[in-house]
Each structure stands twice: as C-alpha cells, then as structure tokens.
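Remarks on the structure that follows.
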Amino acid sequence: MGLFFFACLICLIVVVIFLLKKFGVWGKINSVEKLQATVEKGGVFSSLIFMLLQFLQTTILQLPAILVTITGVLIFPKWKAFLLSYIAIMLGSLFNFWLGRKAGRKFLHWIAGEEKTNKWIALMSEGKYVFFLMMLFPMFPDDILCVVAGLTNMSFTFFVWTNLLCRAIGIGGTVLFGSGTIIPFKGYGLVVWI
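To convert, count from 1 in the sequence shown and add 153; that's this note's numbering.
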C-alpha cells in the first residue's frame with residue numbers, strides 16, 4: 154500500500170507540473186508582476202486562483218511564500234490578502250502533515266534528501282516545542298517541517314494549534330511589511346529596506 158501511494162503521489166506531482174508548463178502557467182508565476190497579472194485575469198475567480206496558487210506553493214510548487222503573499226497584498230485589501238493566504242496555507246500545511254503520515258520517509262527523502270530529512274527529524278525529536286519555535290521563526294522551511302511533523306509522534310492537535318498561531322504571525326508580518334504600511338517603499342523606507 155505504501156509503495157503504491159508513493160508512486161501515485163509522485164505521478165500526481167509530475168502531472169501537475171507538466172500541466173502548468175504545458176498551458177504556460179509556469180512561466181506566468183515566477184515573479185510578483187506575472188503572478189499579479191495571472192490572478193487579476195481571473196476576474197471574479199481571482200480570490201480562488203490566488204488561494205490555489207498559495208496552496209500549491211505550500212505543497213507542490215517551488216515558489217517562495219513571500220512572493221505569492223506579496224502578490225495578494227498588491228491585488229486585494231490587506232485583510233483579504235491575509236485571510237486568503239491564511240486559509241490556503243493552513244490547508245496546505247494540513248495536507249503536508251497528512252502526506253508525512255501517509256507517504257513516510259521515502260517521500261521526504263525524495264523531496265528534501267535523506268540527510269536533510271534525518272536532520273529535521275532529529276531536531277524535532279528533541280521535543281514538540283522545537284517544532285513550535287521553528288515554525289515561528291522565518292529561517293526554517295515551514296512546509297517541509299509540516300511533512301516531517303507527520304513522520305513524528307506529534308499529536309494532530311498540537312500540530313494544528315502551532316500552525317494556527319505561527320502561520321498567522323508569519324503571514325500577518327508579511328502582509329504588513331510587504332504592503333509598505335510599516336516601512337514605506339519610498340523616502341526613508343528605502344534606506345531601512347536596504
């Protein structure tokens with residue numbers, strides 16, 4: 154069962170990437186400007202397209218979360234960009250946790266490599282609060298950590314509460330700083346950003 158699931162999962166990822174490239178979507182989502190144009194073309198479905206991209210960057214696509222979130226800030230009001238990002242990223246995080254439980258180490262070795270997988274598992278085996286701290290600070294690969302959490306004996310409840318809190322802080326910070334509300338993109342703000 155595990156090998157079959159793993160093979161199906163890899164096929165699904167390959168098919169999604171193939172379809173994105175075949176229909177030219179891949180070339181339209183590699184910068185903020187291109188992402189913004191792609192989402193805005195969706196008209197009344199812009200919110201759903203944005204959420205789908207945010208979910209995919211959390212699970213399959215190799216896009217930085219900040220790129221997609223900033224795109225949302227440029228298109229939607231800040232509160233809406235936050236809410237759409239939060240929902241989509243939470244769904245992606247839950248999917249990644251489930252993936253860790255179902256696909257196991259082989260999948261994570263394929264995604265991140267055996268050495269990194271073992272490093273993350275060793276770190277997280279030191280206690281569940283290590284996971285909380287890694288999710289809270291921006292220098293850790295949150296999405297991979299969600300898959301790793303699925304490989305550990307971490308309770309689903311702790312995983313969900315950690316993500317609800319830490320993702321809100323991270324997305325909220327990205328929305329506020331990325332919108333230029335706290336540090337503007339002109340005047341003295343340029344010096345601060347540099």
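We put the beta carbon where it would ideally sit given N, CA and C, even for glycine.
{"Check": "Residue nearest to residue 265 in terms of C-alpha spacing, selected from 245, 297, 215 and 275", "Outcome": "297"}
{"Check": "Distance, residue 222 Cα to residue 305 Cα", "Outcome": "29 Å"}
{"Check": "C-beta atoms of residue 228 and residue 193 nearer than 8 Å", "Outcome": "yes"}
{"Check": "Span of the alpha helix (DSSP H) around residue 216", "Outcome": "Note, residue 216: premise wrong, no alpha helix (DSSP H); not H, not E."}
{"Check": "6 Å CB neighbourhood of residue 273 in its chain, flanking five on each side removed", "Outcome": "301"}
{"Check": "DSSP-derived helix/strand/coil call for residue 198", "Outcome": "helix"}
{"Check": "Reduced DSSP secondary structure (H/G/I, E/B, other) of residue 333", "Outcome": "coil"}
{"Check": "Terminal residues of the alpha helix (DSSP H) in which residue 238 lies", "Outcome": "231–265"}
{"Check": "Three-pair Cβ contact test at 8 Å for the stretch 238–258 versus the stretch 275–287", "Outcome": "no"}
{"Check": "Beta carbon of residue 224 nearer than 8 Å to that of residue 201", "Outcome": "no"}
{"Check": "From 307, 334, 320 and 267, residue whose alpha carbon lies closest to that of residue 279", "Outcome": "307"}
{"Check": "Presumed contact (8 Å Cβ cut-off) between residue 242 and residue 207, rounded CB distance", "Outcome": "6 Å"}
{"Check": "Terminal residues of the alpha helix (DSSP H) in which residue 288 lies", "Outcome": "281–289"}
{"Check": "Residue 204 vs residue 237 beta-carbon contact at 8 Å", "Outcome": "yes"}
{"Check": "Start and end residues, alpha helix (DSSP H) containing residue 191", "Outcome": "185–193"}
{"Check": "Best match in 210, 248, 168 and 217 for proximity to residue 309 [C-alpha to C-alpha]", "Outcome": "248"}
{"Check": "Environment of residue 333 [buried if 16+ CB atoms lie within 10 Å]", "Outcome": "exposed"}
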